[in-house]
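Numbering (our numbering), first residue to last: -16 to 274. Note that beta-carbon positions come from the ideal geometry of N, C-alpha and C, so glycine has one too.
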(Lines of atoms letter the chains of each structure in order from A and count residues from 1; the text may use other names and numbers.)
(Lines give C-alpha, C1' and ligand atoms only; values in the text may rest on other atoms or scores of the structure.)
Protein backbone atom coordinates (compact mmCIF):
# COMPACT_ATOMS: atom_id res chain seq x y z
CA UNK A 1 0.00 0.00 0.00
CA UNK A 2 1.27 3.42 -0.88
CA UNK A 3 0.71 6.27 1.56
CA UNK A 4 -0.10 9.70 0.21
CA UNK A 5 3.28 10.79 1.58
CA UNK A 6 4.91 8.53 -1.06
CA UNK A 7 6.06 5.66 1.15
CA UNK A 8 5.18 1.99 0.61
CA UNK A 9 3.76 0.70 3.88
CA UNK A 10 1.76 -2.25 5.15
CA UNK A 11 -0.98 -0.15 6.78
CA UNK A 12 -2.48 3.32 6.42
CA UNK A 13 -5.16 5.31 8.20
CA UNK A 14 -7.65 7.18 6.09
CA UNK A 15 -9.14 10.49 7.15
CA UNK A 16 -11.27 12.74 4.96
CA UNK A 17 -10.10 10.88 1.85
CA UNK A 18 -6.38 11.21 2.68
CA UNK A 19 -4.04 8.30 3.61
CA UNK A 20 -1.62 8.61 6.53
CA UNK A 21 1.08 6.12 7.57
CA UNK A 22 3.14 5.73 10.74
CA UNK A 23 6.05 7.47 9.03
CA UNK A 24 4.17 10.61 8.15
CA UNK A 25 5.45 13.73 9.78
CA UNK A 26 3.37 15.14 12.62
CA UNK A 27 2.41 18.22 10.66
CA UNK A 28 0.76 16.00 8.03
CA UNK A 29 -1.45 14.21 10.50
CA UNK A 30 -4.73 15.91 11.44
CA UNK A 31 -4.67 16.87 15.10
CA UNK A 32 -7.30 17.79 17.64
CA UNK A 33 -7.24 21.61 17.97
CA UNK A 34 -7.88 21.33 21.69
CA UNK A 35 -5.19 18.88 22.82
CA UNK A 36 -2.85 19.01 19.76
CA UNK A 37 -2.69 15.21 19.58
CA UNK A 38 -3.42 13.12 16.53
CA UNK A 39 -7.07 12.31 15.97
CA UNK A 40 -6.10 9.10 14.16
CA UNK A 41 -5.38 7.35 17.45
CA UNK A 42 -9.10 7.14 18.23
CA UNK A 43 -12.04 5.86 16.26
CA UNK A 44 -14.66 8.46 17.14
CA UNK A 45 -14.23 12.10 16.22
CA UNK A 46 -16.56 15.07 16.03
CA UNK A 47 -16.33 17.26 12.97
CA UNK A 48 -17.22 20.91 13.50
CA UNK A 49 -16.81 22.92 10.33
CA UNK A 50 -13.30 22.20 9.01
CA UNK A 51 -11.97 20.90 12.33
CA UNK A 52 -12.02 17.43 13.86
CA UNK A 53 -11.94 16.85 17.62
CA UNK A 54 -11.60 13.97 20.03
CA UNK A 55 -15.05 13.34 21.48
CA UNK A 56 -13.86 13.80 25.08
CA UNK A 57 -11.98 17.00 24.25
CA UNK A 58 -14.96 18.48 22.46
CA UNK A 59 -17.39 17.75 25.29
CA UNK A 60 -15.03 19.12 27.94
CA UNK A 61 -14.26 22.34 26.11
CA UNK A 62 -17.51 23.33 24.46
CA UNK A 63 -20.81 24.55 25.83
CA UNK A 64 -23.24 21.83 26.88
CA UNK A 65 -26.90 22.16 27.75
CA UNK A 66 -27.39 21.50 31.47
CA UNK A 67 -30.63 19.62 30.71
CA UNK A 68 -30.01 17.37 27.70
CA UNK A 69 -26.17 17.40 27.94
CA UNK A 70 -25.88 18.00 24.20
CA UNK A 71 -23.41 20.45 22.70
CA UNK A 72 -25.01 23.85 22.16
CA UNK A 73 -24.47 25.03 18.59
CA UNK A 74 -27.11 27.76 18.48
CA UNK A 75 -28.93 30.17 20.75
CA UNK A 76 -29.07 29.49 24.47
CA UNK A 77 -30.02 30.94 27.85
CA UNK A 78 -27.71 31.35 30.83
CA UNK A 79 -29.27 30.20 34.10
CA UNK A 80 -28.03 29.96 37.68
CA UNK A 81 -27.40 26.26 37.12
CA UNK A 82 -25.77 26.31 33.68
CA UNK A 83 -26.52 26.88 30.01
CA UNK A 84 -29.84 25.83 28.48
CA UNK A 85 -30.31 25.15 24.78
CA UNK A 86 -33.28 26.50 22.84
CA UNK A 87 -35.08 23.17 22.63
CA UNK A 88 -34.90 22.57 26.41
CA UNK A 89 -35.69 26.11 27.60
CA UNK A 90 -39.24 26.25 28.94
CA UNK A 91 -40.25 28.90 31.53
CA UNK A 92 -43.28 26.81 32.51
CA UNK A 93 -40.97 24.00 33.65
CA UNK A 94 -38.69 25.85 36.06
CA UNK A 95 -38.32 25.29 39.78
CA UNK A 96 -40.37 28.05 41.42
CA UNK A 97 -37.72 28.42 44.15
CA UNK A 98 -34.29 28.30 42.47
CA UNK A 99 -35.43 28.79 38.82
CA UNK A 100 -33.57 25.66 37.69
CA UNK A 101 -34.79 24.46 34.30
CA UNK A 102 -36.50 21.06 34.63
CA UNK A 103 -37.25 18.24 32.27
CA UNK A 104 -40.33 16.03 32.45
CA UNK A 105 -38.25 13.41 34.28
CA UNK A 106 -36.96 15.77 36.97
CA UNK A 107 -40.08 17.88 37.48
CA UNK A 108 -41.89 17.59 40.82
CA UNK A 109 -45.19 19.27 41.66
CA UNK A 110 -46.57 20.66 44.89
CA UNK A 111 -50.32 20.31 45.58
CA UNK A 112 -50.93 23.85 44.23
CA UNK A 113 -49.14 22.89 40.96
CA UNK A 114 -45.94 24.84 41.59
CA UNK A 115 -42.92 23.06 40.08
CA UNK A 116 -40.01 22.05 42.27
CA UNK A 117 -36.62 20.50 41.55
CA UNK A 118 -35.45 17.47 43.54
CA UNK A 119 -32.77 19.49 45.34
CA UNK A 120 -35.21 22.08 46.66
CA UNK A 121 -37.82 19.42 47.43
CA UNK A 122 -35.37 17.63 49.75
CA UNK A 123 -35.51 20.42 52.36
CA UNK A 124 -38.90 21.95 51.50
CA UNK A 125 -40.72 23.32 54.57
CA UNK A 126 -44.36 22.27 54.86
CA UNK A 127 -44.84 23.20 58.52
CA UNK A 128 -43.02 25.59 60.82
CA UNK A 129 -40.83 23.84 63.36
CA UNK A 130 -40.44 25.26 66.84
CA UNK A 131 -36.65 25.03 66.55
CA UNK A 132 -36.58 27.41 63.56
CA UNK A 133 -38.63 30.01 65.44
CA UNK A 134 -36.55 29.67 68.60
CA UNK A 135 -33.26 29.96 66.73
CA UNK A 136 -34.44 33.02 64.81
CA UNK A 137 -35.65 34.67 68.02
CA UNK A 138 -32.19 34.11 69.53
CA UNK A 139 -30.57 35.64 66.43
CA UNK A 140 -32.84 38.68 66.63
CA UNK A 141 -32.17 39.09 70.34
CA UNK A 142 -28.41 39.04 69.67
CA UNK A 143 -28.86 41.61 66.89
CA UNK A 144 -30.73 43.88 69.29
CA UNK A 145 -34.10 43.72 67.52
CA UNK A 146 -36.18 41.42 69.68
CA UNK A 147 -39.89 41.55 68.81
CA UNK A 148 -41.91 42.68 71.84
CA UNK A 149 -45.48 41.92 70.74
CA UNK A 150 -46.90 38.37 70.59
CA UNK A 151 -46.34 36.86 67.15
CA UNK A 152 -47.95 33.87 65.46
CA UNK A 153 -46.35 31.91 62.62
CA UNK A 154 -47.86 29.77 59.88
CA UNK A 155 -47.09 28.37 56.43
CA UNK A 156 -49.91 28.91 53.95
CA UNK A 157 -50.70 28.39 50.27
CA UNK A 158 -50.13 30.99 47.59
CA UNK A 159 -53.78 32.04 47.22
CA UNK A 160 -54.03 32.98 50.89
CA UNK A 161 -50.86 35.06 50.75
CA UNK A 162 -52.06 36.97 47.70
CA UNK A 163 -55.26 38.12 49.42
CA UNK A 164 -53.47 40.47 51.82
CA UNK A 165 -50.18 41.10 49.99
CA UNK A 166 -49.51 44.84 49.61
CA UNK A 167 -47.38 44.56 46.44
CA UNK A 168 -49.52 42.51 43.99
CA UNK A 169 -47.00 42.85 41.16
CA UNK A 170 -44.22 41.22 43.18
CA UNK A 171 -43.44 37.60 43.98
CA UNK A 172 -45.09 36.79 47.29
CA UNK A 173 -43.14 34.46 49.58
CA UNK A 174 -44.37 35.76 52.93
CA UNK A 175 -45.84 38.69 54.78
CA UNK A 176 -46.31 40.12 58.24
CA UNK A 177 -49.77 41.33 59.25
CA UNK A 178 -50.02 43.88 62.05
CA UNK A 179 -53.05 43.64 64.34
CA UNK A 180 -54.10 46.65 66.37
CA UNK A 181 -56.94 47.91 68.54
CA UNK A 182 -58.53 51.34 68.44
CA UNK A 183 -59.23 53.18 71.68
CA UNK A 184 -60.93 56.38 70.67
CA UNK A 185 -58.62 57.96 68.11
CA UNK A 186 -55.59 56.03 69.30
CA UNK A 187 -54.35 52.86 67.61
CA UNK A 188 -52.57 50.35 69.81
CA UNK A 189 -50.44 47.62 68.24
CA UNK A 190 -51.47 44.29 69.75
CA UNK A 191 -49.74 41.45 67.89
CA UNK A 192 -48.28 40.22 64.60
CA UNK A 193 -49.14 37.35 62.28
CA UNK A 194 -46.37 36.07 60.02
CA UNK A 195 -47.35 33.82 57.12
CA UNK A 196 -44.87 32.17 54.77
CA UNK A 197 -45.45 30.26 51.56
CA UNK A 198 -45.20 26.52 52.12
CA UNK A 199 -42.76 24.38 50.12
CA UNK A 200 -39.77 26.74 50.28
CA UNK A 201 -36.31 25.11 50.61
CA UNK A 202 -35.17 25.40 54.22
CA UNK A 203 -32.46 28.04 53.73
CA UNK A 204 -34.80 30.13 51.58
CA UNK A 205 -37.48 29.73 54.24
CA UNK A 206 -35.13 31.03 56.94
CA UNK A 207 -34.33 34.07 54.82
CA UNK A 208 -38.04 34.84 54.37
CA UNK A 209 -38.66 34.25 58.08
CA UNK A 210 -35.91 36.73 59.02
CA UNK A 211 -37.29 39.21 56.47
CA UNK A 212 -40.82 39.11 57.88
CA UNK A 213 -39.71 39.19 61.53
CA UNK A 214 -37.70 42.33 60.82
CA UNK A 215 -40.83 43.91 59.35
CA UNK A 216 -42.51 43.22 62.70
CA UNK A 217 -39.64 44.87 64.58
CA UNK A 218 -39.67 47.90 62.26
CA UNK A 219 -43.39 48.47 62.78
CA UNK A 220 -42.86 48.36 66.54
CA UNK A 221 -39.96 50.81 66.25
CA UNK A 222 -41.75 53.27 63.97
CA UNK A 223 -45.35 52.69 65.03
CA UNK A 224 -47.52 55.54 63.66
CA UNK A 225 -44.44 57.27 62.21
CA UNK A 226 -44.54 56.84 58.44
CA UNK A 227 -40.92 57.65 57.65
CA UNK A 228 -40.12 54.52 55.62
CA UNK A 229 -41.57 53.59 52.24
CA UNK A 230 -42.51 50.00 51.42
CA UNK A 231 -39.28 49.66 49.40
CA UNK A 232 -37.29 51.09 52.33
CA UNK A 233 -38.77 48.49 54.67
CA UNK A 234 -38.22 45.65 52.19
CA UNK A 235 -34.62 46.76 51.57
CA UNK A 236 -33.88 46.73 55.30
CA UNK A 237 -35.66 43.41 55.86
CA UNK A 238 -33.81 41.79 52.95
CA UNK A 239 -30.51 43.12 54.35
CA UNK A 240 -31.25 41.33 57.61
CA UNK A 241 -32.11 38.17 55.65
CA UNK A 242 -28.70 38.48 53.95
CA UNK A 243 -26.96 38.78 57.32
CA UNK A 244 -28.72 35.61 58.55
CA UNK A 245 -27.88 33.60 55.42
CA UNK A 246 -24.34 34.89 54.86
CA UNK A 247 -22.59 32.53 57.28
CA UNK A 248 -25.05 29.66 57.07
CA UNK A 249 -23.50 26.48 55.66
CA UNK A 250 -24.88 25.62 52.23
CA UNK A 251 -26.85 28.87 51.89
CA UNK A 252 -24.53 30.77 49.55
CA UNK A 253 -26.94 30.47 46.62
CA UNK A 254 -29.84 31.83 48.67
CA UNK A 255 -27.67 34.58 50.14
CA UNK A 256 -26.76 35.75 46.63
CA UNK A 257 -30.41 35.62 45.59
CA UNK A 258 -31.47 37.69 48.61
CA UNK A 259 -28.72 40.21 47.97
CA UNK A 260 -29.75 40.55 44.33
CA UNK A 261 -33.40 40.94 45.34
CA UNK A 262 -32.45 43.68 47.82
CA UNK A 263 -30.36 45.59 45.29
CA UNK A 264 -33.30 45.72 42.88
CA UNK A 265 -35.39 47.71 45.37
CA UNK A 266 -35.68 51.50 45.14
CA UNK A 267 -34.81 52.38 48.73
CA UNK A 268 -33.85 55.92 49.70
CA UNK A 269 -30.16 56.69 49.00
CA UNK A 270 -29.44 57.50 52.64
CA UNK A 271 -30.20 53.92 53.69
CA UNK A 272 -28.38 52.32 50.78
CA UNK A 273 -25.23 54.42 51.15
CA UNK A 274 -25.08 53.96 54.92
CA UNK A 275 -26.01 50.30 55.29
CA UNK A 276 -25.22 48.38 52.08
CA UNK A 277 -22.25 46.46 53.50
CA UNK A 278 -23.09 46.65 57.21
CA UNK A 279 -23.74 43.73 59.54
CA UNK A 280 -27.15 42.97 61.00
CA UNK A 281 -26.30 44.52 64.38
CA UNK A 282 -24.99 47.67 62.68
CA UNK A 283 -28.23 47.99 60.72
CA UNK A 284 -30.28 47.68 63.91
CA UNK A 285 -28.15 50.30 65.72
CA UNK A 286 -28.49 52.71 62.79
CA UNK A 287 -32.28 52.31 62.63
CA UNK A 288 -32.70 53.02 66.35
CA UNK A 289 -31.41 56.55 65.72
CA UNK A 290 -33.03 56.99 62.29
CA UNK A 291 -35.33 59.99 61.95
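Check	Outcome
Within this structure, are the beta carbons of residue 187 and residue 237 separated by less than 8 angstroms?	yes
So what's residue 162 in DSSP terms, helix, strand or just coil?	strand
Classify residue 92 as helix, strand or coil using the three-state DSSP reduction.	strand
Compute the distance between the beta-carbons of residue 194 and residue 213, then report whether it is under 8 angstroms.	no
Using 8 angstroms for Cβ pairs, my map puts residue 192 next to residue 119. What's the rounded Cβ distance?	6 angstroms
Here's the rule I'm using: 16 or more other beta-carbon atoms within 10 Å means buried, otherwise exposed. How should residue 84 be labelled?	buried
Whose C-alpha, out of 251, 263, 261, 260, is nearest the C-alpha of residue 274?	251
Report yes or no: do the region 160 to 171 and the region 112 to 130 share at least 3 C-beta pairs separated by less than 8 angstroms?	no
Which class does residue 214 belong to by DSSP, given the choice of helix, strand or coil?	helix
Measuring only the C-alpha atoms, how far is residue 143 from residue 158?	11 angstroms
Counting only the same chain and skipping the five closest in sequence on each side, list residues whose C-beta sits under 8 angstroms from that of residue 92.	98, 99
Ignore the nearest five residues each way along the sequence and tell me which others in residue 227's own chain have a CB closer than 8 angstroms to its CB.	119, 122, 189, 190, 193, 263
Opposite residue 178 in the DSSP bridges: which residues?	137, 158
In angstroms, rounded to a whole number, what distance separates the CA positions of residue 37 and residue 53?	15 angstroms
Is the separation between the beta-carbon of residue 78 and that of residue 48 shorter than 8 angstroms?	no
Report the option in 81, 218, 185, 134 whose CA atom is closest to the CA atom of residue 163.	134
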